[in-house]
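Under our numbering, residue 202 is the last one in the sequence shown; the count climbs by one each step, no gaps.
Where is the CB? At the ideal position from N, CA and C, for every residue including glycine.
These notes are about the structure you will find just below.
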Amino acid sequence: MIARRIENNSQVSYLTQSLRAWSLLLVGTLAKLIRMNANKTVSVARDIEQWIRERIRNEKLDSEPIPLRDILSGIETTNQTPDAVAYYIEIHQSQPGTLFRTPATEIEIAQAEERFGVVLPQDYKAFLRLSNRFDAAFNGIGFHPSLDPVGEIRWLKEEETWFTDLMFDLPSIPGCGLLNSTVGMVAPTLGKVL
9 MIARRIENNS QVSYLTQSLR AWSLLLVGTL AKLIRMNANK TVSVARDIEQ
59 WIRERIRNEK LDSEPIPLRD ILSGIETTNQ TPDAVAYYIE IHQSQPGTLF
109 RTPATEIEIA QAEERFGVVL PQDYKAFLRL SNRFDAAFNG IGFHPSLDPV
159 GEIRWLKEEE TWFTDLMFDL PSIPGCGLLN STVGMVAPTL GKVL
């Protein structure tokens, strides 16, 4: 079934995040079902691996940084598209005028760091200094989830471990993947999550 619908709904990216699918992906079952050209696949994989190595070695590409306020304003603007307006009308919900909220104070940020026993990431603190919450947005195609105020963030509970099972990419691992002799079938996960 997966092979028949491989192009639908970004299945490939979801498959790579499924531990159950790894054993099949590792031995090439899916590749055989969709009649993948093994030589071409190896060639493309080597090209990707080389590109990733160069990218890591040379660090990120030089580009003009986009200020966080501009990024958030862009999300807010997409919340006003005709499709977004139609969606809010359809669900009988008033469309938010602004997604920004009052900024967090330095005291609130320091209290959160003390409460969690961690130093919050600089980009997250920069966000909090702009808006101590950012409401959910719908751009007519997909949803942008809300970001909670600093006073409401918390560690996930044990019964919420479904989220910690999500994998993250480690392009620096030799072989350009997680399925190698140094990692084996154990997928690194996000661990403890705020």
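Compute the Euclidean distance between the alpha carbons of residue i and residue j, then round it to the nearest angstrom.
{"i": "THR37", "j": "ILE56", "result": "21 Å"}
{"i": "ARG162", "j": "LEU107", "result": "22 Å"}
{"i": "GLU114", "j": "LYS40", "result": "56 Å"}
{"i": "LEU76", "j": "ARG109", "result": "14 Å"}
{"i": "ARG63", "j": "PRO153", "result": "30 Å"}
{"i": "GLU116", "j": "GLN88", "result": "31 Å"}
{"i": "ILE42", "j": "PRO111", "result": "51 Å"}
{"i": "LEU128", "j": "ALA120", "result": "8 Å"}
{"i": "VAL126", "j": "ALA118", "result": "10 Å"}
According to DSSP, is residue i part of a helix, a strand, or is it coil?
{"i": "ALA145", "result": "strand"}
{"i": "LEU256", "result": "Residue 256 is absent from the structure shown; the chain starts at 9 and stops at 202."}
By the DSSP assignment, the alpha helix (DSSP H) with residue i in it spans what residues?
{"i": "GLN103", "result": "Unbroken run through GLN103: none, as it is neither H nor E."}
{"i": "ARG137", "result": "130–138"}
{"i": "SER51", "result": "46–65"}
{"i": "LEU76", "result": "76–86"}
Does the distance from the CB of residue i to the CB of residue j come in under 9 Å?
{"i": "PHE151", "j": "LEU80", "result": "no"}
{"i": "ILE145", "j": "PRO104", "result": "In the sequence under discussion, the amino acid at residue 145 is Ala, which differs from the Ile named in the question. Result yes, Cβ atoms of ALA145 and PRO104 sit closer than 9 Å."}
{"i": "VAL158", "j": "ASN147", "result": "no"}
{"i": "ALA94", "j": "THR86", "result": "no"}
Within its chain, find whatever has a CB closer than 6 Å to the CB of residue i; leave out the 5 residues flanking it on each side and keep chain order.
{"i": "LEU178", "result": "Summary for LEU178: the model assigns pLDDT 49, below 50, so the residue's position carries little reliability, and this model does not support an answer."}
{"i": "MET44", "result": "none"}
Who are the near neighbours of residue i in its chain, counting only those whose CB is closer than 8 Å to its CB and skipping five residues on each side?
{"i": "ARG123", "result": "none"}
Could you pull out every residue in the same chain whose Cβ sits closer than 7 Å to the Cβ of residue i, ignoring the five residues on either side in sequence?
{"i": "ASP156", "result": "ARG141"}
{"i": "ARG137", "result": "PRO111 and ALA112"}
{"i": "GLN101", "result": "none"}
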